[in-house]
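No gaps in the numbering here: position 462 of the sequence shown is 462 in UniProt numbering, and each next residue is one more. Don't be surprised by glycine CBs; every beta carbon is placed ideally from N, CA and C. Below you'll find the structure, written out as structure tokens, and then a few comments.
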Amino acid sequence: MIQQVFLEEILGHTKVFQWHAWFKAGLTSFEDNKPTGRPSSCQHPTRLPNFNRLYIRIDVGPFTTLLRRTGVNLQKDLEGKCVPLKVYPLYSSLPSHMQLDVFRPTAPGIRKVILSTNIAETSVTISGIKYIIDSGMVKNRSHHPGTGLDVLKVQRISQAQAWQRTGRAGRESPGFCYRTYTNQEFDSFRKNPIPEIQRCNLTSVVLQLLTLGINPSSFDFMDKPPVEYVDGAIEQLKQLGAIESTASPKLTATGKLMAQFPLDPRYSKIIISAKDYNCVQEILTIVAMLSGESVFVNPPAKREKAVAAQNKFYSTAGDHITLLNIYRNYNNVAQKKVRRSVRTNIYLLTTITLLCSCDHIWCQDNFLNNRNLQYASKVRTQLSELCERYKVPMSTCGQDTEPVRKCLITGLFMNVAELQREKKYVTVGSKQVVSIHPSSVLFGSRPHCVLFTEVVQTGRCYLRQLSLIDPQWLTDIVPEYARKHRLTSYAS
């Protein structure tokens, strides 16, 4: 049996628990370690409807609490301030050995708190969960045809998702789901989440339909996407050189080759263009690294140590080259172990075991995710095989990063931002005000012009995975786009 408790009930509850809202200033401490039988005081009572973080203290034996979060930045607020609790993060890019920690029992008298993204909704089942604290939010990727940008945005969940979260508790004993929103707000939620085809970039879908000889504008989709999404995808394919015209779209030779790669067409175009810049191997690595989850591991308790370990991979040219450096070092470790194993005549099975062990140790020492690097390696192998099949030469530019960054422009030229006189960044195409994400190696350096992979919208819009580029490159590589969207970068 599961009991759901909405915000208005939480605020009016007087017998079971204390509650505290905390805001940007930090986590407030409880007035007493023992329950008082009433809600404790709050420093900002007029702001109660706005909070989306709730800490509930319940004196009812050992239990596991699952907090639904859209990100992974809450653990440091709880650790060391709430005793006796053991706090575990859970998200898709977390290393496997750290994900397994959430399934292990805690010591007697210690309560387990799991800070999870929506990975715990359907991907895993954790035993012993008695309490769910639901933020009512989820981070979804959506496409804006007006700006041409793909945005990772925090937004409200649907009613179906709310019930899915509720079902994680009470499997072994009566459970509770505390919702940090009101019943009235819940009734205003959508019944079901928006289908992905109605909110995401359709360039891959449209490209595949054109490959099959189907007109995407008249295709009978099961969940019909908005017309502007289809039209926007056709326009983007034209800009990428995959079709000749938008009026009667037919694939060009480049478009037919792009369709052979199981990638976002922008990345396919970058790979195909790489032969002109003699950097196919470097581009394959970067695209493979961008195809999966983040390879960085930054535990809140070891943040400074992680940054120090990862610093040797950082490139002043940006995040894409940093990813390239990480993969090269990772691959070098594996290759050295292979050569050493061959020289000592170790059996193949033992060699594979040794390689996995050494890679894992190297990743731990450098605060990198071994599983995600292995995934990137497999993707790169697959892309290399496709390049060989379609006669794309495996060229390399060595340590010169300029050809790589120029090549990235061929597919991501719509993702360029420039620094304005007011020291703010504005996207070249949509003129949207943006900021460099703090996780970027370019954060704080104020480069004049940057190319980015994606936009993350929280309180404001942040650019992630950036490369430093020369504005003149945009004019040289995509002159028509550059003429239409004039750059106005100012020097510092």
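In the DSSP assignment, T453 falls within the unbroken beta strand (DSSP E) covering 449-457. The beta carbon of S204 lies closer than 7 Å to those of D264, P265 in the same chain, with the five residues before and after it left out. Rounded to whole angstroms, the Cβ separation of R464 and E454 is 5 Å, and the two are in contact under 8 Å. Inclusion of V287 and I272 in the CB contact set at 8 Å is not warranted, their separation being larger than that value. In the three-state DSSP reduction, M137 falls in the strand class (E or B).
The Cβ atoms of N369 and S93 sit closer than 8 Å to each other.
Remark: C-beta atoms of L383 and H320 do not approach each other more closely than 8 Å. When the Cα atoms are used, L202 and Y229 turn out to be separated by approximately 7 Å. Counting of Cβ neighbours within 10 angstroms places D187 among the exposed residues, the total staying below 16.
From the listed residues I133, R141, K86, N331, the smallest Cα separation to L7 is found for I133. R405 and I477 have their C-alpha atoms roughly 11 Å apart. As DSSP reads the structure, Y91 sits in no beta bridge.
The stretch 430-438 makes no contact with the stretch 390-400; the number of CB pairs closer than 8 Å stays below 3. Around the beta-carbon of Y462, 16 or more other beta-carbon atoms lie within 10 Å, marking it buried. Look at S377 here: in three-state DSSP terms it is helix. In the three-state reduction of the DSSP assignment, S315 falls in the coil class, being assigned neither a helical nor a strand state. Collapsing the DSSP output to three states places Y131 in a strand. In its chain, beyond the 5 residues on either side, V138 have a beta carbon closer than 6 Å to the beta carbon of N118.
Taking R483 as reference, the option from H437, M414, R460, T458 with the minimal CA-CA separation is M414. Where D231 is concerned, the enclosing alpha helix (DSSP H) starts and stops at 227-239.
Look at the beta carbons and you see the stretch 280-297 not touching the stretch 244-251: under three pairs across the two are nearer than 8 Å. For the pair V450 and A417, the CB atoms are nearer than the 8 Å cut-off.
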